[in-house]
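Residues 1 to 134 in full-length UniProt numbering are what the sequence shown lists, from first letter to last.
Here is the structure we will look at.
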Amino acid sequence: MVLTEWGVAVLDGGTPLFTQIAERLADEIAEGSLAEGERVPSSNEMAAFYRINPATAAKGLNVLIDDGLLEKRRGIGMFVVAGARERLLADRRRDFAERFVRPLVAEAQRLGIDGESLVELVREASGVQGGVSL
Numbered sequence: 001m002v003l004t005e006w007g008v009a010v011l012d013g014g015t016p017l018f019t020q021i022a023e024r025l026a027d028e029i030a031e032g033s034l035a036e037g038e039r040v041p042s043s044n045e046m047a048a049f050y051r052i053n054p055a056t057a058a059k060g061l062n063v064l065i066d067d068g069l070l071e072k073r074r075g076i077g078m079f080v081v082a083g084a085r086e087r088l089l090a091d092r093r094r095d096f097a098e099r100f101v102r103p104l105v106a107e108a109q110r111l112g113i114d115g116e117s118l119v120e121l122v123r124e125a126s127g128v129q130g131g132v133s134l
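Have a look at this one:
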């Protein structure tokens, strides 16, 4: 999504820029590199960094405000709200289960693979051996 080319941040052309901004900040919150209570870059700072229109950067920030992950503090800036990381991780776990785990289990059932065998296949695929947990 974000590449650096000759020291300049570059966004890809596959999705709207404001969506990429929102996703990048959400990733930073989920990874913990943007901590709860921490100030996020302003729309002007983001516009300068990505070389985009400040209104586009603001639109990306507003997505996260609407999602309840950021809050505006008048005259101070925008900040990551308490509980944002946990909420993002919970949402991503649910999404992961829906997009990947449920179809995997359904296909395993169609193939007659029982739960224990499926777990062993997952362990093998991840390089984990025997009783060691993932």
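In this text, a Cβ means the ideal position worked out from N, Cα and C, and glycines have one as well.
Taking just the CA atoms, how far does residue j sit from residue i?
i, j, result
"Arg51", "Ile29", "22 Å"
"Ile65", "Glu71", "6 Å"
"Asp95", "Arg87", "12 Å"
"Ala125", "Arg99", "18 Å"
"Gly32", "Arg85", "7 Å"
"Arg92", "Arg123", "22 Å"
"Val101", "Ile76", "42 Å"
"Gly127", "Ala55", "46 Å"
Is DSSP giving residue i helix, strand or coil here?
i, result
"Arg39", "strand"
"Val81", "coil"
"Arg51", "coil"
"Arg110", "helix"
"Arg74", "coil"
"Thr15", "coil"
"Gly68", "coil"
"Ser126", "helix"
"Gly32", "coil"
How would you label residue i, buried or exposed, when you count the other beta carbons within 10 angstroms and need 16 or more for buried?
i, result
"Gly112", "exposed"
"Gly115", "exposed"
"Ile21", "buried"
"Gly60", "buried"
"Leu121", "exposed"
"Ala26", "buried"
In chain order, what residues of the same chain lie with their CB nearer than 6 Å to the CB of residue i, ignoring the 5 residues before and after it?
i, result
"Leu118", "Ala108"
For residue i, collect the residues of the same chain with a Cβ closer than 7 Å to its Cβ; drop the 5 residues on either side in sequence, then sort them by chain order.
i, result
"Val8", "Summary for Val8: the model assigns pLDDT 46, below 50, so the residue's position carries little reliability; its value from the coordinates is reported in the next sentence. These residues qualify, in order along the chain: Arg51."
"Met46", "Ile21 and Ala57"
Is the region 32-39 in contact with the region 74-82, if contact means three or more CB pairs nearer than 8 Å? Between the region 32-39 and the region 74-82 there are three or more inter-stretch CB-CB distances shorter than 8 Å, so the stretches are counted as touching.
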